[in-house]
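One structure is given here, and the rest of the page talks about it.
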């Protein structure tokens, strides 16, 4: 279903640009940020989650390409993690969840993750990496996929801190992994919503241009110029933005 709204205001497009730039600098697509911005402009978030996911696909594609081309390769376990998540994000996207109280718990988890990333010592950035067990990958991929499908995001907001905390990969490879994860799960979430006849996409060239421009700039800076500690701090800010969005929608 396609619904047309007037989305040409300069403040809105400016915020979308900055969301895309900040999120893409850590390998994310920005869906939670887009939803927060759209909510600020009194637009029906339930009707615009499809639009946020479409923008997510565009920006996460740019982020993946930028980080991969800059030499930050995918960990060997990436495909197993991504493939496991797909059917669960599809299922989550097809469900209609009435009770949104889970968002408060999610926001608390995101805030704690952000604090951990923000206060990390520089020595934390270089650690011996550990190969994840297959069951850990299955559990992580399925749960994040399902959760991201329900919430209407790509899942990188949950995957990045887990991959870093568990020492499965370094910060920049985690960004590459998150971008791929977000891209695939956003597409799966869109498909789930379409099958359930819940997909509403608002065509707006201005939104697309703003998101793509921000994604190009942010992903280029993040993949080539920001060091590991800078990316940790930016990711912490992204997590706090997402937590704020969840809290606002919970109490709103």
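Residue numbers (our numbering): 17 to 268. Backbone N, C-alpha and C define an ideal beta-carbon position, used for all residues, glycine too.
For residue i, the first and last residue of its enclosing alpha helix (DSSP H)
i           : result
residue 93  : Looking at the DSSP string, residue 93 is not in any alpha helix (DSSP H), and its letter there is neither H nor E.
residue 220 : Premise fails: residue 220 is in no alpha helix (DSSP H) and is neither H nor E.
residue 36  : 26 to 40
Pairwise C-alpha distance: residue j and residue i
i           : j           : result
residue 233 : residue 37  : 6 Å
residue 263 : residue 54  : 15 Å
residue 28  : residue 43  : 22 Å
residue 104 : residue 198 : 13 Å
residue 253 : residue 238 : 14 Å
residue 226 : residue 86  : 23 Å
residue 101 : residue 57  : 32 Å
residue 250 : residue 130 : 9 Å
residue 152 : residue 179 : 11 Å
residue 67  : residue 78  : 17 Å
residue 206 : residue 223 : 18 Å
residue 148 : residue 81  : 25 Å
residue 155 : residue 221 : 38 Å
residue 215 : residue 106 : 13 Å
residue 72  : residue 246 : 23 Å
residue 35  : residue 50  : 7 Å
residue 200 : residue 164 : 11 Å
residue 208 : residue 170 : 13 Å
residue 52  : residue 256 : 12 Å
residue 162 : residue 176 : 16 Å
residue 150 : residue 96  : 8 Å
residue 203 : residue 166 : 13 Å
residue 30  : residue 65  : 19 Å
residue 242 : residue 181 : 20 Å
Own chain residues within Cβ distance below 8 Å of residue i, not counting five before or after
i           : result
residue 183 : 143, 144, 145, 146
residue 89  : 189, 192
Whether residue i touches residue j by CB criterion (8 Å)
i           : j           : result
residue 157 : residue 70  : no
residue 248 : residue 187 : yes
residue 46  : residue 75  : yes
residue 40  : residue 235 : yes
residue 83  : residue 195 : yes
7 Å CB neighbourhood of residue i in its chain, flanking five on each side removed
i           : result
residue 4   : Only positions 17 to 268 of the chain appear in this structure, which leaves residue 4 out of reach.
residue 26  : none
residue 33  : 226, 229, 230
residue 212 : 110
Cβ-based neighbour list, residue i, same chain, cut-off 6 Å, excluding 5 preceding and 5 following
i           : result
residue 159 : none
Distance cut-off 7 Å: residue i Cβ against heavy atoms of the ligand SAH
i           : result
residue 231 : The ligand SAH is not part of the structure shown, which contains no ligands of any sort.
What beta strand (DSSP E) runs, 3 residues minimum, are completely inside the region 153 to 232? none
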